[in-house]
Every structure is written in C-alpha cells, then in structure tokens.
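J.: Let me give you the structure first, and then I'll get to my questions.
There are 2 protein chains.
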Amino acid sequence: MPQRAKNALTPQSDAKETKAETSRAKILDVAQKLFARRGFEGVSIRDLAQALGMTTASLYYHFPSKEEIFVAVHGRSLEAVQREVMDAIAGLKDPWDRLEAAAAAHSRNFASPERSGASIAAEYYEGSLAPFRKIMVPQRDAYERLIAVLVADLQLPKNVDERLFRLQLLGALNWLPVWHRQGRGHSAEEVARQFVRNFRMGLDPDYKPAGDRKKKGAGKR
Amino acid sequence: MPQRAKNALTPQSDAKETKAETSRAKILDVAQKLFARRGFEGVSIRDLAQALGMTTASLYYHFPSKEEIFVAVHGRSLEAVQREVMDAIAGLKDPWDRLEAAAAAHSRNFASPERSGASIAAEYYEGSLAPFRKIMVPQRDAYERLIAVLVADLQLPKNVDERLFRLQLLGALNWLPVWHRQGRGHSAEEVARQFVRNFRMGLDPDYKPAGDRKKKGAGKR
DNA sequence: ACTTTTACCGATCGATCGTTAGAAAATTCT
DNA sequence: AGAATTTTCTAACGATCGATCGGTAAAAGT
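Read top to bottom, the protein sequences are chains U and W.
Quick note, the working numbering runs 727 ahead of the 1-based positions in the first sequence.
Quick note, the working numbering runs 727 ahead of the 1-based positions in the second sequence.
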C-alpha cells in the first residue's frame with residue numbers, strides 16, 4: 728500500500744510526484760466520467776477497470792473499496808467546481824453578475840458528460856454509500872456555503888427566502904444534465920446564465936432590461 | 728400468464744376485477760416507493776419480493792422482467808401526476824395561479840418518499856432501461872406538454888425562452904426530493920408555490936406584490 | 001364432484017457483483 | 001549489478017444479481 732498520502736504540503740519536491748499518484752488521478756478521471764453517466768450502482772468495478780485498461784485487482788491497490796473511489800471523485804469534483812466558481816467571480820463587482828458567472832461555472836462542471844459526478848451523487852447518499860455521508864456532506868456544504876454568500880450579496884427582497892432561492896437555482900442547474908445534450912441548442916453555460924437572468928429580471932431592484940446599468944445603493948431598501 | 732390486459736374498456740363488469748390486478752397494483756405501489764428511494768439499480772428483485780411478502784418467482788408471474796415493472800411504475804406515476812395537475816388547475820383562471828397550483832401538485836406527487844419514481848427515473852434512461860426509452864419518453868412527454876401549455880399561457884416577455892423557463896422550473900421541482908425532508912420547514916407544496924412566486928415577481932407584467940390584482944389583457948404586449 | 005385455470009412457491013440456474021491472496025513484473029534504491 | 005520496494009497481474013472466493021423450472025395450492029368453471 729502506498730504510505731504517502733499525508734504531508735502533501737511540504738514545500739520541497741512539488742514538481743514530480745510518484746507514479747501511484749498519477750494512476751490515482753487517472754482512475755478518478757475515468758471514474759468521474761462513468762459515475763456521472765451511469766451512477767454509482769450503474770458502474771461496476773470491472774467496467775471501471777476495463778475503461779482504464781487495468782484489472783480490478785490493480786484498482787484495489789490504489790483504493791480500498793468502490794465507495795472510497797466514489798467519495799474521492801465526489802470531493803475532487805466539488806473542489807474543482809469551487810475553484811472554478813471563485814475564479815469566475817474574481818473580477819466581477821455586481822452581485823447578480825457574480826451569481827450569473829458562478830452559475831455558468833457550475834453548469835460547465837456538472838453538465839458535461841466528461842465531468843460531473845457530484846450532482847448525480849446527491850441521490851446516492853443512501854445504500855452502501857450511507858456510511859460516507861459524514862464525509863460527503865461537509866464536502867458539499869463547503870461549496871453550498873460559497874453559493875449562499877453569493878445569494879446573500881444579492882440583497883433579495885425580504886419576502887424571498889434566501890435558502891429556497893439558492894435551492895431553486897441549484898436544483899435547476901443540477902437537473903440540467905438530465906435533459907441537456909451537448910451540441911444541440913444553447914450550451915450549458917448559456918442555459919445557466921439564462922436561468923439567472925430569468926430570476927434577475929424581477930428580483931433585482933436595480934436591473935434594467937436594456938443596455939446601460941446604474942450602480943447599486945440608491946434603492947429604497 | 729394472464730391473458731387479460733386488453734379490452735379493459737368494456738362497459739360491463741367495471742366493479743370488481745380479478746385478483747391478479749390487485750396483486751399487480753400492490754406490486755407497483757411497493758415498487759414505486761422503493762424505486763423512488765433507491766433508484767432502479769438500487770432495488771433488487773428480492774428486495775421488492777420481500778417487501779411484498781412474496782417470492783421472486785411470483786413477481787415474474789405478473790411481470791416479465793424488472794425493467795417492465797419500472798416502466799409500469801413510470802407510466803402510472805406520470806398518469807397520476809397528470810391527473811392531479813389537471814384537477815388542481817381546473818377552477819383557476821389566472822395563468823400564474825394555474826402554474827402555481829400545477830407546481831404544487833407536481834411536488835406533492837414527486838417529493839414524498841411514498842410516491843415519486845418518475846423524476847428519479849430520468850437519469851436511468853441508460854443502461855438496461857435504454858431499450859424502454861421509446862416507451863418512457865412518450866409517457867413523460869405527454870405530461871411535459873401539459874406543463875408547456877401552462878407556460879405558454881403565461882405570455883412571458885419575448886426575451887424569455889419558454890422551453891428553458893419550463894425546464895428551469897421542472898428542474899428545481901424535480902431536484903426537490905434530493906434535499907427536502909418531510910416535517911422539517913416548509914412542506915413540498917409550499918416550496919413549489921414559492922418557486923413559482925420567485926419567478927412571477929418579475930416575469931408577470933400584471934403582478935402586484937400586495938393584496939389586490941387586476942385582470943389580464945391591458946398589457947403592452 | 002371434477003376439471004381447468006389462476007396465482008403462487010421452493011429450488012436453482014448461469015452471470016456478475018465487490019473483494020482478496022499471492023505471484024510476476026516494473027521501478028527505485030544502494 | 002543486485003536487493004528492496006512499488007505496482008500490476010492471474011485466479012479465484014463467496015455473495016448476490018435477474019430469471020426460470022416444475023410443482024402445488026386456491027379459485028373458477030362446468
């Protein structure tokens with residue numbers, strides 16, 4: 728078994744890492760794609776091994792169980808989307824623009840058949856994955872907290888529940904991979920941006936439908 | 728094998744039906760509950776038989792395969808929600824009120840752990856269920872067409888895509904069972920109504936946030 | 001009462017599931 | 001080079017999967 732895994736924060740030797748870490752990453756890449764398409768129970772350990780060109784025994788050298796592979800995919804994809812969302816909103820000031828960029832980054836990560844894996848995951852928190860809820864839920868919550876901050880910055884009308892609004896937007900985005908097919912019609916990012924705009928049109932007191940927009944802060948709030 | 732199944736439309740003898748049909752309905756009831764909670768691949772034919780107090784061989788007397796049980800559940804739950812939506816909107820005139828009532832009926836059918844089965848289904852149109860897509864997709868489309876009519880009646884601003892709006896609303900509603908738990912906080916129907924109101928606040932040109940509303944038809948459209 | 005149909009069950013099929021032990025190959029260390 | 005270690009393989013384990021067979025109660029038809 729590889730006894731590395733810990734103290735990856737040492738300042739030295741950050742250039743090339745061991746072969747095992749490369750294999751681990753490759754496994755997670757392919758597993759993410761398969762889990763995203765067919766779900767946890769829909770992918771057998773043999774399917775995954777065959778797609779990787781290795782045997783099932785080799786998989787168990789890198790991971791102790793199928794569930795742990797899924798948990799690793801789950802955490803990795805949530806870290807990735809969190810990073811991409813933060814990059815996407817970095818230069819933007821207007822809170823609605825920030826939410827729109829975040830939604831686009833979110834769907835870019837979850838709607839393609841390549842990536843995803845975390846949104847589909849939500850339904851599989853039961854069954855043999857249930858013991859791993861205590862690991863996966865915090866992974867997911869850290870990301871949802873980021874979105875919650877973006878929603879809080881919107882200064883929504885007081886009769887709109889922030890939590891419900893967030894769940895409504897994330898629900899629509901997470902359902903997108905169910906019906907969206909790449910190539911046909913709008914891209915996933917465009918759809919996500921339109922989703923936010925459908926809300927914005929009425930929920931933002933400073934929103935102007937046509938060209939120019941004015942700064943925030945002069946509202947009656 | 729029961730050779731009944733056809734000509735169920737005969738005017739005579741609509742009171743009591745054969746024992747097989749009772750068993751069939753019971754099987755679909757329990758299967759719907761299990762499939763809704765754990766998905767198609769998460770429920771084994773033995774799980775289902777045990778929950779019913781019968782053997783797997785008995786199941787195969789009533790249904791030729793596990794997939795056909797799922798397809799039957801899928802069709803039955805879509806017929807049910809379609810019927811309930813039509814009942815819910817029957818007395819309502821205002822198109823936004825109608826959509827709100829439809830959303831409440833939709834979530835009442837899909838958010839509870841008892842019912843559901845159709846929304847979860849969407850992701851499982853691959854794998855061993857793929858050959859049944861040609862049966863299930865029309866089942867689902869008939870229902871979505873009903874919702875599409877309700878959306879068309881809203882007379883949305885011309886810069887809002889009707890299809891995307893419908894998919895946004897249905898996506899948020901279908902994702903609801905992932906996070907919503909009965910008993911805590913708002914009921915599923917209340918959440919669904921709030922979802923529609925979050926849209927309405929801005930998308931309906933005739934909407935007034937406070938008490939009284941005026942009739943439709945005087946808009947600039 | 002007796003035959004026929006309906007509804008169910010015990011036992012088991014071959015296939016596939018996740019997982020493991022131990023040997024062989026590839027790589028790294030000295 | 002040779003030894004030690006890391007990585008992958010062959011082969012198989014028991015468990016469970018969906019499905020099927022022949023037989024047997026229960027009900028219906030006559």
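For every residue, glycine included, the Cβ atom is placed at its ideal position computed from N, Cα and C.
Here the structure is a predicted model, which is why all the values come from computation and not from measurement.
Got a sec: does the ligand GTP put a non-hydrogen atom nearer than 6 angstroms to the Cβ of W/Phe-762?
T.: This structure does not include the ligand GTP; it has no bound ligands of any sort.
J.: Assess contact between the region 781-790 of chain U and the region 809-820 of chain U, defined as three or more Cβ pairs (one per stretch) separated by less than 8 angstroms. Is contact present?
T.: Verdict: no, contact absent.
J.: Would U/Leu-856 and U/Ala-799 be called neighbours here (beta carbons separated by less than 7 angstroms)?
T.: Their beta carbons are not under 7 angstroms apart, which means U/Leu-856 does not touch U/Ala-799 by this criterion.
J.: With C-beta atoms as the reference, is W/Trp-838 less than 7 angstroms away from W/Pro-904?
T.: Note that residue 838 of chain W is Ala in the sequence shown, not Trp. A contact, by the Cβ cut-off of 7 angstroms.
J.: From the DSSP output, in three-state form, read off U/Thr-745 for me.
T.: In this structure, U/Thr-745 counts as coil in the three-state DSSP scheme.
J.: 7 angstroms is my cut-off, CB to CB: does W/Gln-691 come that close to chain U?
T.: In the structure displayed, chain W extends from 728 to 948; residue 691 of chain W sits before or after that span and is not available.
J.: Can you name, in chain order, every residue of its own chain whose Cβ lies under 6 angstroms from the Cβ of W/Asp-880, other than the five neighbours on each side?
T.: Pro-822.
J.: Looking only at its own chain, which residues have a Cβ that is under 7 angstroms from the Cβ of U/Lys-942, when we skip the five neighbours before and after it?
T.: Caution is warranted here: a pLDDT of 48 is assigned to U/Lys-942, below 50, making its placement in the model unreliable, and the coordinate value is therefore given only provisionally. Closer than 7 angstroms at Cβ, skipping near neighbours: no residue.
J.: Can you list the residues of chain W that U/Val-918 reaches, using a CB-CB cut of under 7 angstroms?
T.: Within chain W, the residues near U/Val-918 are Leu-891.
J.: Measuring alpha carbon to alpha carbon, tell me which residue in U/Ala-829, U/Glu-827, U/Phe-790 is nearest U/Glu-748.
T.: The option with the nearest alpha carbon to U/Glu-748 is U/Phe-790.
J.: With 16 as the cutoff for other CB atoms within 10 Å, does W/Gln-909 come out buried or exposed?
T.: With fewer than 16 Cβ atoms within 10 Å of its Cβ, W/Gln-909 is classed as exposed.
J.: Measure how close the beta-carbons of W/Leu-805 and W/Gln-759 come, nearest whole angstrom, since I'm counting them as under 8 angstroms.
T.: Contact flag wrong, Cβ pair sits at about 11 angstroms.
J.: List, in order along the chain, the chain U residues whose C-beta lies closer than 8 angstroms to that of W/Glu-768?
T.: Result: Gly-766, Glu-768, Gly-769.
J.: Given that a residue counts as buried once 16 or more other Cβ atoms are within 10 Å of its Cβ, and exposed if not, what is W/Val-864?
T.: Its Cβ having fewer than 16 others within 10 Å, W/Val-864 is exposed.
J.: Could you please give the first and the last residue of the uninterrupted alpha helix (DSSP H) stretch that includes U/Arg-890?
T.: Taken as a continuous stretch (DSSP letters only), the alpha helix (DSSP H) holding U/Arg-890 covers 889-906.
J.: Closer than 7 angstroms, CB to CB, is U/Ala-899 near chain W or not?
T.: True, the Cβ-Cβ gap to chain W drops below 7 angstroms.
J.: Which class does W/Pro-791 belong to by DSSP, given the choice of helix, strand or coil?
T.: Here W/Pro-791 sits in coil by DSSP.
J.: Have a look at W/Phe-767 and U/Leu-883 and give me their C-alpha separation to the nearest angstrom.
T.: Between W/Phe-767 and U/Leu-883, the C-alpha separation is close to 40 angstroms.
J.: From which residue to which residue does the alpha helix (DSSP H) around U/Leu-873 run?
T.: Element bounds for U/Leu-873: 860-879.
J.: Taking only three categories from DSSP, how would you classify W/Arg-765?
T.: Helix.
J.: Can you name, in chain order, every residue of its own chain whose Cβ lies under 7 angstroms from the Cβ of W/Ser-834, other than the five neighbours on each side?
T.: Here the set comprises Leu-900, Leu-903, Ala-915, Glu-916, Val-918, Ala-919.
J.: Taking a contact to mean a Cβ-Cβ separation below 7 angstroms, would you say W/Leu-877 touches W/Leu-826 in this structure?
T.: In this structure, W/Leu-826 lies closer than 7 angstroms to W/Leu-877 by Cβ.
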